[in-house]
Ligand SMILES: *Cc1c(COP(=O)(O)O)cnc(C)c1O
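Numbering (the numbering used here), first residue to last: 198 to 676.
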């Protein structure tokens, strides 16, 4: 069912979720998705979120189908929005709000269910030992994973974040996390360093059973396909479209997980028009999608959208696998070139396949601030920095020849209160003070309340203070 992107190594869906990454360093991908004929996409329209999630996730992870109804009931319990991922109108366009979960970022959609998958898979595979979750985070995965895994029996979790590379709020969320089974550690390096270190730990021989809460784990991607259907369904309910009409999605992108979930939805028969990859100034993906050359040999920039400060986008590997109809040799060669030379070039049919679906663009720091200010002034909607990157890219995309006139949905990936300094600065507020002061000020100026989970952090003590070098990640992971 699942196969490594680099070789013939295969795994069941429960096995793939438990391992996180394939033993050859590749990612597990469902080769059944290259050509799907048996899924009733139209039958998804009008279903409430949990039913939708049950139907789609049971198709993609059939090994969990018997428990799926139970697993998806977590959404009603943990998300504050009735529609879970509500679609809101912004002028002629739409924002799909993915941040109404327990940590105010879209990562909650997947990380609310991943611990349940892991627990269930552990049972099914008859494993007695703990599953140790290793996670590299650019800011949001860390807290969402901690929230999901803390005190879950049979698991422990370690999170590595780039020291100085996440927002004050993101850091406060992670270092105050309680739980007997959690470790949180700052790394003197950037996200790419953290992710590389974690992948090296996976390659070691160890008695520990390691798994991943990053989107290299298929259990992270599958739940994310659901909200593309939800957005489409909400557009149908509103009468903007009827089933079969194309819809374009603009996705703020870092590790290429969220947008790949859109591709999975498309393969399942959702009438997705174009998937628009929106990068910040770390625009390696935007360049790749336009030229076919992936070149990470460039400075790693710190931006106001830190969760997208990434130069090595892991999930692109899965897209290369799908675009080449499962050519593991090609994928292995490209990944080797990337590792050895920092660059590879994709050509021919696979590049055509990718270009036929994906568009791309990027937003500078000024573009991002400008988008936040304009959207706030024109529509009274407060967007976070990542969502603003996507909005800015959408505006350019709609003027390009690639745009067909389809309704556009921007994926809104985080609450603006996770990045109060940048958001307040963009709308002309006073930006002196710590994250909590600024969140309060942002709330005062805009009249939008601070989400309770963020406001509540102020009184929590920092309990995780470890800081290590990149070279220590492997040893720390296996300790
Ligand atoms: C993780 C993240 C992204 C990027 O998602 P990928 O799946 O890594 O491409 C965008 N916005 C926010 C707020 C995030 O936390």
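Every residue, glycine too, gets a C-beta built ideally from N, C-alpha and C.
In the structure shown, residue 203 falls within a coil segment according to DSSP collapsed to helix, strand and coil. Residue nearest to residue 296 within the set 638, 615 and 198 is 615 (criterion: CA-CA distance). Distance from the C-beta of residue 336 to the nearest heavy atom of ligand 1 is below 7 Å.
Under DSSP, residue 328 shares a beta bridge with 352 and 406. Straight across, the Cα-Cα distance linking residue 664 with residue 513 is about 30 Å.
Counted as a single uninterrupted DSSP element, the stretch harbouring residue 292 is not any alpha helix (DSSP H) but the beta strand (DSSP E) occupying residues 290 to 294.
Here the distance from the Cβ of residue 412 to the nearest heavy atom of ligand 1 is below 7 Å. Relative to the non-hydrogen atoms of ligand 1, the Cβ of residue 347 never comes closer than 7 Å to any of them. Boundaries of the beta strand (DSSP E) harbouring residue 474: 469 to 476, taken from the DSSP string. Per the C-alpha coordinates, the member of 243, 448, 465 and 426 positioned closest to residue 560 is 448. Nearest neighbour of residue 388 by Cα position, chosen from 405, 332 and 423, turns out to be 332. The beta carbon of residue 294 sits closer than 8 Å to those of 278, 282, 283, 284, 285 and 609, all from its chain and outside the five residues before and after it, given in chain order.
Looking at the DSSP output, residue 380 shares a beta bridge with 355. The C-alpha of residue 247 is placed about 12 Å away from the C-alpha of residue 255. Residue environment analysis places residue 200 among the buried positions, since at least 16 neighbouring C-beta atoms fall within 10 angstroms of its C-beta.
Short of 7 Å from the beta carbon of residue 373, and not among the five residues preceding or following it, lie these beta carbons of its own chain, in chain order: 654, 657, 658, 659 and 660. Between residue 303 and residue 455 the beta-carbon gap is near 7 Å, inside 8 Å, which marks them as a contact. Short note on residue 449: C-beta closer than 7 Å to some heavy atom of ligand 1. One thing to note: residue 511 has its Cβ within 8 Å of the Cβ of residue 224. The region 621 to 641 and the region 596 to 605 do not touch, with fewer than 3 CB-CB distances between them shorter than 8 Å. Remark: C-beta atoms of residue 415 and residue 452 do not approach each other more closely than 8 Å. In its chain, beyond the 5 residues on either side, 425, 446, 448, 469 and 472 have a beta carbon closer than 7 Å to the beta carbon of residue 459.
Set against 7 Å, the gap from the CB of residue 305 to the closest heavy atom of ligand 1 is not smaller.
For residue 443, the CB contacts under 6 Å within the same chain, skipping 5 residues up- and downstream, are 468, 470 and 603 in chain order. Non-local beta-carbon contacts of residue 308 in its own chain, meaning distances under 6 Å to residues more than five positions away in sequence, involve 341, 342 and 345 in chain order.
Counting other Cβ atoms within 10 Å of its Cβ, residue 530 stays below 16 and is therefore classed as exposed. Counting of Cβ neighbours within 10 angstroms places residue 538 among the exposed residues, the total staying below 16. Annotated as distal: residue 558 and residue 365, with beta-carbon spacing of 8 Å or more.
Contact between residue 305 and residue 312 does not hold, since the beta-carbon distance rounds to 12 Å and is not under 8 Å. Here residue 227 is buried. Its C-beta has 16 or more other C-beta atoms within 10 Å. For residue 557, the beta-bridge partners assigned by DSSP are 474. Relative to ligand 1, residue 366 has its C-beta separated by 7 Å or more from all heavy atoms.
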